[in-house]
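A.B. asks: Take a look at the following structure, please.
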Amino acid sequence: MSEPTAMQDLLKAEGPAAVPGLGRPDRARSLWRDTWDILRHRKIFWVSLVMLVAFLLMAAFPTLFTHKNPEYATLAKSMEGPSADAWFGYDLQGRDVFARTIYGARTSIIVGVLATLLTVLLGGVAGVLAAYYSRWLDSVLSRVGEMFLGVPYVLGAIIILGTVAPAQSSPDKVTIMAVVIVVLAVLGWPILMRIARSAVIQAKHQDYVQAARALGAGPGRIIFRHILPNSLAPILVYSTITIGSYIGAEATLSLLGIGLRAPVISWGIAIADHTSYIRTGAHALFFPAAFLSLCVLTFVMLGEAVRDALDPKLR
Amino acid sequence: MTAPAESILEVRDLVKHFPLTQGIVFKRQIGAIKAVDGVSFDLHRGETLGLVGESGCGKSTLAKLLMALERPTSGSVRVNGRDITQAKGGELKRMRRNIQMVMQDPYTSLNPRMTVGDIVGEPFEIHSDVVPKGGRRRKVQELLEVVGLNPDHINRYPHQFSGGQRQRIGIARGLALQPEIIICDEPVSALDVSIQAQVMNLLERLQNEFNLAYIFIAHDLSVVRHISDRVAVMYLGKIVELGRDREIYERPTHPYTQALLSAVPVPNPEGREQRQRIILQGDPPSPANPPSGCHFRTRCWKAQDICAQQEPLLEIRQGSDHPSACHFAEAKDVVNAP
Amino acid sequence: MTEVLSEHVGSGSAGGALLEVEDLHVEFRTRAGVAKAVNGVTYSVDAGRTLAVLGESGSGKSVTAQTIMGILDMPPGRITGGEIRFRGVDLLKLPEDQRRKIRGEGISMVFQDALSALNPVFPVGWQIAEMFRMHRGTSRSDARKKAVELMDRVRIPAAKERVNDFPHQFSGGMRQRIMIAMAIALDPEVLIADEPTTALDVTVQAQIMGLLAELQRDSNMGLILITHDLGVVADVADEIAVMYGGRIVEKAPVHDLYRNPAHPYSKGLLESIPRVDLKGQELYAIKGMPPNLLEMPTGCAFHPRCPYRRDNCVTDVPPLYTISGTRGSACHYWREVIDDGSR
Chain U
-6 MSEPTAMQDL LKAEGPAAVP GLGRPDRARS LWRDTWDILR HRKIFWVSLV MLVAFLLMAA
54 FPTLFTHKNP EYATLAKSME GPSADAWFGY DLQGRDVFAR TIYGARTSII VGVLATLLTV
114 LLGGVAGVLA AYYSRWLDSV LSRVGEMFLG VPYVLGAIII LGTVAPAQSS PDKVTIMAVV
174 IVVLAVLGWP ILMRIARSAV IQAKHQDYVQ AARALGAGPG RIIFRHILPN SLAPILVYST
234 ITIGSYIGAE ATLSLLGIGL RAPVISWGIA IADHTSYIRT GAHALFFPAA FLSLCVLTFV
294 MLGEAVRDAL DPKLR
Chain F
7 MTAPAESILE VRDLVKHFPL TQGIVFKRQI GAIKAVDGVS FDLHRGETLG LVGESGCGKS
67 TLAKLLMALE RPTSGSVRVN GRDITQAKGG ELKRMRRNIQ MVMQDPYTSL NPRMTVGDIV
127 GEPFEIHSDV VPKGGRRRKV QELLEVVGLN PDHINRYPHQ FSGGQRQRIG IARGLALQPE
187 IIICDEPVSA LDVSIQAQVM NLLERLQNEF NLAYIFIAHD LSVVRHISDR VAVMYLGKIV
247 ELGRDREIYE RPTHPYTQAL LSAVPVPNPE GREQRQRIIL QGDPPSPANP PSGCHFRTRC
307 WKAQDICAQQ EPLLEIRQGS DHPSACHFAE AKDVVNAP
Chain G
7 MTEVLSEHVG SGSAGGALLE VEDLHVEFRT RAGVAKAVNG VTYSVDAGRT LAVLGESGSG
67 KSVTAQTIMG ILDMPPGRIT GGEIRFRGVD LLKLPEDQRR KIRGEGISMV FQDALSALNP
127 VFPVGWQIAE MFRMHRGTSR SDARKKAVEL MDRVRIPAAK ERVNDFPHQF SGGMRQRIMI
187 AMAIALDPEV LIADEPTTAL DVTVQAQIMG LLAELQRDSN MGLILITHDL GVVADVADEI
247 AVMYGGRIVE KAPVHDLYRN PAHPYSKGLL ESIPRVDLKG QELYAIKGMP PNLLEMPTGC
307 AFHPRCPYRR DNCVTDVPPL YTISGTRGSA CHYWREVIDD GSR
């Protein structure tokens, strides 16, 4: 240091207390931390979080909520309404609707989460590759994605599921769930690819990426250290919302009789089984449908809350 | 300070044309933006070469070419005799140690998800043989201290710092590999006036301490004059005048340089009523379709037929002591003369 | 203009300046706390005069202008005190419909970023014509004619052919000319130019500043020029108000300020300009950095960076001491600063 006094002056003047916008000066604050600080003050976040925890508990430990066996049927009680004994009443085959609704959470959430993970994996990798290597790879991947997007969701699902697992067949639990998950992801990845692609393209042109290249960083380091951490936000937000919509999509497919089917317990199946009884026994339809809506709403709300917190414009 | 004769950077006939294409899958070239169109100069050890010009003149593209962030269409950039535009892989990576950059915008040039320690330490991770793993943290703290930041702030994130401090972080990153050349692309233009002088002083101190050579790109002519030993003036992808700072500022010979200098508002109201201004008409032409001959002729008050037919070369002409790309080069002090 | 205000003031100006800002206070409520952006700003501009408001980012110079125009976002902004008098009438007390009339006809504004200030989906001629149709109810074809005239007046080449072009088809300098055309369309008496040339190149900057000066001369407008560029100020200003931390720290006729600044901040700014005769030497640099609006220093906001600091600077907010005539400095030790002279 050629001029220690000037430097000390500077250090003093630019010391931690002088840093703008900083309440507690001596704590390292990452952007994720700031996001959390914003989330913390959002009612919508806490509401959706409480609901999420409730649904996750249902999925993981259904016995916490009910001691009844969801498979146990007493035909004599078929379509009996809600009572102190069975809060949500009995379904067509005389099974406890409350128990079946609680157990249904597990399937719905597993399908929603796994299908979303697979979508993120497919779409994310495709998006990152398309954006980073651009040129012909980008053209090819984008066109392939558009082809998939061109197929209407339900039509695509009917065609694939109708071929792999036709309505008459009765595949085992794991197989049918796996098939449904793959179908959802295969039809859904292009949207995620687009989101990932635009996020990566945006991050790729940032000055810090140029700076890293100027230092001699290779593609791996640039993608994983610089681009991905800065493009995760929109992917995260979209994924959260996607979980909700996949849960809804799973129910739709079940309703059409080509998605999940007995012996799997799910909200969609429950709804499908009782649509024709809406006049005589609405309870058997209403409760699974209500849980389904709430669960979808939970994920959508959570996604929105996270988006608000991550949106730099509100900062 | 007299510049030693040893050149550490030699740029020869550097050209970068960005193709303009049409079509979605099968792309067809319909033209080119001539961002850099035949630029040659030398940079000596420990010297500062200022590069001035208006937006779109190609100075930022030139910086990227020198940093090998873009491949030139033709021409060469020799760093210590080796051509960086031809280098690949390990060789390019080794050459990058010698030439680093400081960017304009301190808010976008630092990765917001990395701590200051990670940012300044990244050069050592990429070039892992420079500093052994155990010594890196210590080395990063030393660098922070050198640029006037508190070494205890190593775990903070960029958004916890002000613009001036962020620029210091960027400078520390550029210094890490002990380069001989640093390209400063508008390093102070995004900063508040009272902070600019601090960063300028830091850059000058570092230059003396580490014998750095700077290419200092800026549009603020007084800042460039303060720090530069020599100045190059760019217009539409070409250097139109090149000389020692006094030669450019006191005896400019190219009409564009004269117009540029006379357009700069002087921070002194005395005698402002009498001040003569050369006010250029219109805007610079598009680099996709530059005028024939001399690129400046469409805005030049001296233009003759020869200017449209023959491109003036950057050379020393009669009546001037430094190279100028004008057929009618003539020294004129536009700043001090009435 | 006069017919708009005649109901409030008998006849024209009530003796004071054309536009007066008095003791204006503006704050922003943010998640992190209350940011005091403007803390008692007082300035005025007369017809045909140019007031330059000089300051760095966060000094409150633009917020003051937005408050004058009535385009401050509220919330988060809040005006907590003061008056803005135009021809003697306090604009802050006027109902919104009357303020809207004054905007454009009485006071108008040119912004830094012409691209985002113009609507990208309408032709520029249409946008200029809209000013006449909105404020004057001019017919479509007349308004269009006037738009072409204005584009000519701000020297847009081939105005007639370009009247239907869209903003993105113009260069930065031309867009700024269009902004100016819109701002002067209704012959305002005061024009506020907020960093009008910051985004432009020097040769274009010279064109635009020349145009502004000429328009001002022709129509005897009062001009408030907001900038951070000491060069531009020296070129065009009659009076200067230097702002720091939401306050005016020095107010002076232009020659006085450059000859002999009376506040350590203005002095520091002038001294940090690179000078030919001091090449190779270290630049004078004001140490430290601009204040955080959320945690303003006590006393004089400049005290943490000030070489003249004494104990009372930390505790007592300096008022704007009158030095002579219209000259003032908000420094307890302005005499010392003046005596030291400029370098």
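Heads up: the protein sequence lines correspond to chains U, F and G, in order.
Residue numbers for the first sequence follow our numbering, so the first one is -6 and each next one is one higher.
Residue numbers for the second sequence follow our numbering, so the first one is 7 and each next one is one higher.
Residue numbers for the third sequence follow our numbering, so the first one is 7 and each next one is one higher.
Heads up, the beta-carbon is just placed ideally off N, CA and C, and yes, glycines get one too.
Since we're looking at a predicted model, the values are computed, not measured.
Tell me which residue opens and which closes the alpha helix (DSSP H) that Y239(U) is part of.
C.D. replies: L221 to L248
A.B. asks: Do the CB positions of V83(F) and L75(F) come within less than 8 Å of each other?
C.D. replies: Not closer than 8 Å, so no.
A.B. asks: Just list the alpha helix (DSSP H) runs in the region 55 to 124 of chain U, keeping only unbroken ones of 4 residues or longer that don't cross its boundaries, in chain order.
C.D. replies: none
A.B. asks: Between the region 262 to 276 of chain F and the region 231 to 248 of chain G, can you find at least three pairs of beta-carbon atoms closer than 8 Å?
C.D. replies: In short, these stretches touch, since the Cβ pair count reaches three.
A.B. asks: Does the region 273 to 288 of chain U come close enough to the region 76 to 96 of chain U that 3 or more CB-CB pairs lie under 8 Å?
C.D. replies: yes
A.B. asks: Is the shortest distance between the beta-carbon of L72(F) and the beta-carbons of chain U less than 8 Å?
C.D. replies: no
A.B. asks: Are three or more beta carbon pairs between the region 240 to 256 of chain U and the region 119 to 131 of chain U nearer than 8 Å?
C.D. replies: The region 240 to 256 of chain U, when compared against the region 119 to 131 of chain U, does not touch it at the 8 Å Cβ threshold.
A.B. asks: When the cut-off is 8 Å and only beta carbons count, does Y201(U) lie next to chain F?
C.D. replies: yes
A.B. asks: What would DSSP say about K338(F), mapped onto helix, strand or coil?
C.D. replies: coil
A.B. asks: Are the beta-carbon atoms of I184(G) and V116(G) separated by less than 8 Å?
C.D. replies: no
A.B. asks: Scan the region 75 to 147 of chain G and note each continuous beta strand (DSSP E) run of 3 residues or more that stays entirely inside, going in chain order.
C.D. replies: 83 to 92 and 113 to 116
A.B. asks: Output the boundary residues of the alpha helix (DSSP H) element that contains E277(G).
C.D. replies: P270 to E277
A.B. asks: Quick check on DSSP: helix, strand or coil for F38(U)?
C.D. replies: Of the three classes helix, strand and coil, the one that applies to F38(U) here is helix, per DSSP.
A.B. asks: Tell me which residues of the region 195 to 221 of chain G have at least one Cβ-Cβ distance to chain F shorter than 8 Å, keeping chain order.
C.D. replies: D207, V208, T209, V210, Q211, A212, Q213, M215 and G216
A.B. asks: Give every residue of the same chain whose Cβ lies closer than 7 Å to the Cβ of I329(G), excluding the five residues on either side of it in the sequence, and list them in chain order.
C.D. replies: Only A268, S335 and W340 meet the Cβ criterion.
A.B. asks: Taking only the alpha-carbon atoms, compute the straight-line gap between I90(F) and V229(F) and give it to the nearest angstrom.
C.D. replies: Counting only the Cα atoms, V229(F) lies some 29 Å from I90(F).
A.B. asks: Apart from the five residues on each side of it in sequence, which residues of its chain come closer than 8 Å, Cβ to Cβ, to R283(F)?
C.D. replies: S268 and A269
A.B. asks: Where does L130(U) sit, in a helix, a strand or coil, going by DSSP?
C.D. replies: The answer is helix: DSSP assigns L130(U) an H, G or I state.
A.B. asks: V25(F) by DSSP, collapsed to three states: which one?
C.D. replies: Residue identity differs from the one stated: residue 25(F) is Pro in this sequence, not Val. Three-state DSSP puts P25(F) in a strand.
A.B. asks: Using a Cβ-Cβ distance cut-off of 8 Å, determine whether L57(G) contacts chain F.
C.D. replies: no
A.B. asks: Going residue by residue through the region 73 to 161 of chain F, where are the continuous alpha helix (DSSP H) segments of at least 4 residues, counting only ones entirely within it?
C.D. replies: 95 to 102, 122 to 132 and 142 to 152
A.B. asks: State yes or no: is the beta carbon of D301(U) nearer than 8 Å to at least one beta carbon in chain F?
C.D. replies: no
A.B. asks: With 16 as the cutoff for other CB atoms within 10 Å, does V17(F) come out buried or exposed?
C.D. replies: buried
A.B. asks: Counting only Cβ pairs nearer than 9 Å, list the residues of chain F close to A226(U).
C.D. replies: Residues of chain F passing the Cβ test: none, with the nearest at roughly 10 Å.
A.B. asks: Of all the options H260(F), R211(F), Q324(F) and Q147(F), which has the alpha carbon lying nearest to the alpha carbon of R305(F)?
C.D. replies: H260(F)
A.B. asks: Kindly list the residues whose CB is nearer than 8 Å to the CB of P290(F), restricted to its own chain and excluding five residues on each side of it in sequence; keep chain order.
C.D. replies: E60, G62, C63, Y241, L242 and R305
A.B. asks: Per the DSSP calculation, R236(F) is bridged to which residue(s)?
C.D. replies: The secondary-structure analysis by DSSP pairs R236(F) across a beta bridge with L55(F) and R250(F).
A.B. asks: For L177(U), which of L154(U), R33(U) and R206(U) has the nearest alpha-carbon?
C.D. replies: L154(U)
A.B. asks: Check distances from the C-beta atoms of the region 106 to 123 of chain F to those of chain U and list, in chain order, the residues that come in under 7 Å.
C.D. replies: Q106, M107, M109, D111, T114, S115, L116, N117, P118, R119 and T121
A.B. asks: Please state the DSSP three-state secondary structure of E313(F).
C.D. replies: The displayed chain sequence assigns Cys, not Glu, to residue 313(F). Of the three classes helix, strand and coil, the one that applies to C313(F) here is helix, per DSSP.
A.B. asks: Kindly indicate which residue of L236(G), V160(G), G347(G) and L300(G) has the alpha-carbon position closest to the one of P220(G).
C.D. replies: Residue identity check: residue 220(G) is Glu in the sequence provided, not Pro. E220(G) has its Cα closest to that of V160(G), out of L236(G), V160(G), G347(G) and L300(G).
A.B. asks: Below 8 Å on the Cβ atoms is my guess for L266(F) versus V239(F); work out the distance and round it to an integer in Å.
C.D. replies: 7 Å
A.B. asks: Would D235(G) pass as an interface residue toward chain F - the criterion being a Cβ-Cβ separation below 8 Å?
C.D. replies: yes
A.B. asks: Can you name the residues of chain U whose CB is closer than 9 Å to the CB of K139(F)?
C.D. replies: Near K139(F) there are no residues of chain U at all, since even the closest Cβ is about 16 Å away, more than 9 Å.
A.B. asks: Could you work out which residue in G211(U), P75(U), G250(U) and S191(U) is closest to A226(U) when comparing CA atoms only?
C.D. replies: S191(U)
A.B. asks: Kindly identify the DSSP beta-bridge partner or partners of L197(G).
C.D. replies: When beta bridges are read from the DSSP output, L197(G) appears opposite S114(G) and L229(G).
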